[in-house]
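Everything in the sequence shown is counted per this note's numbering, starting at 876 for the first residue and increasing by one.
Note that the Cβ used here is the ideal one computed from N, Cα and C, for glycine as well.
On a predicted model such as this, the values are computed, not experimentally measured, just so you know.
Structure record follows, encoded as C-alpha cells.
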Amino acid sequence: MNDDEPCRAVTVVRAGVRPWADRLAWSLVVVLTGSALVIAGVVDGTIAIVTRVLVIAAFLLMVAALAIVTVRLRTSLRSDGTAVVVRDPFGVSVVPFHEHLAFGRWLDPESRRPVIWMTDHGGPIVRVHPRLDPVRVELFAGRVALAVVDRDGAPPAPPDPPPVTRDRPAGPRY
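And the structure:
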C-alpha cells in the first residue's frame, strides 16, 4: 500500500447464525428445565421417561447447533485497512489492497444465486463463501471502497485440490 493511497475502513462481515442460535437457545432451555424437573422429582412414571427422552434429543440438537454456529462464525470477510481477509470454516486467504482488486459477481444458473469471487484484473483469485449474504458482501465492498462487478457467463469452478503426496516411504506404521 502506497503512502498516497487512502487508508481503507477496518470492518468485518460474518455469516448469519440467527436460526441456529435460536435452536441453540431453545435446546439449552429444554435441557436445563427437563433435567431440573427430573432431578427434583417433579415428574414421575411415563412423563419422566418422556422428559428424559426430550432432554436427550434437545441435548443432541444443542450439540449440532453449537457446531454449526461455531462454523458459521468462522466464515467472514475482514479488512484491517491494508488487506482483505477471506475466511471460510477451514481456511483463510489474505489479499492485500491494490488498484485492480474488486469483487466479481456471477449468477449461478442452477440456484439463481450470486457466486462472488475476489478478482484481480478481472480474473478470480479467492471465492467468497456462499454462507455470506451477498447483500452484506456488497455493503462490505462499499465500506472498503472496492467495486462489485457483474460478470457474464457461468461462475468459475473452484480449483482442483493439489495432489496428495507422501513425505515418507510407504511401509508399516509403528
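A direct Cα-Cα distance of roughly 21 Å separates residue 1012 from residue 1028. By the Cβ rule, the segment 922-939 does not count as touching the segment 961-973, because fewer than three pairs are nearer than 8 Å. Excluding its 5 nearest sequence neighbours in each direction, residue 1003 has C-beta neighbours in its own chain below 8 Å: 952, 961, 978, 991, 992, 993, 1012, listed in chain order. Separation of the CB atoms of residue 980 and residue 1025 is rounded to 5 Å, and the pair is thereby assigned contact status at 8 Å. Apart from the 5 residues on each side of it in sequence, residue 949 sits with its Cβ closer than 7 Å to the Cβ of 962, 964 in its chain, given in chain order. The beta carbon of residue 1018 sits closer than 7 Å to those of 884, 886, all from its chain and outside the five residues before and after it, given in chain order. Between residue 905 and residue 944, the CB-CB gap reaches or exceeds 8 Å. In this chain, the beta strand (DSSP E) harbouring residue 978 covers 976-982. In chain order, 982, 1005, 1009 place their CB closer than 8 Å to the CB of residue 988, counting only its own chain and leaving out the 5 sequence neighbours on each side. Within the same chain, and ignoring the five residues on either side of residue 1000 in sequence, the residues whose Cβ sits closer than 6 Å to its Cβ are 993.
Residue pairing from DSSP places residue 995 in a beta bridge opposite 976, 998. Going by C-alpha positions, residue 894 is about 21 Å away from residue 986. Straight through space, the alpha carbons of residue 940 and residue 913 are spaced by roughly 24 Å. Across the structure, residue 1021 and residue 900 are spaced so that their CA atoms are roughly 37 Å apart.
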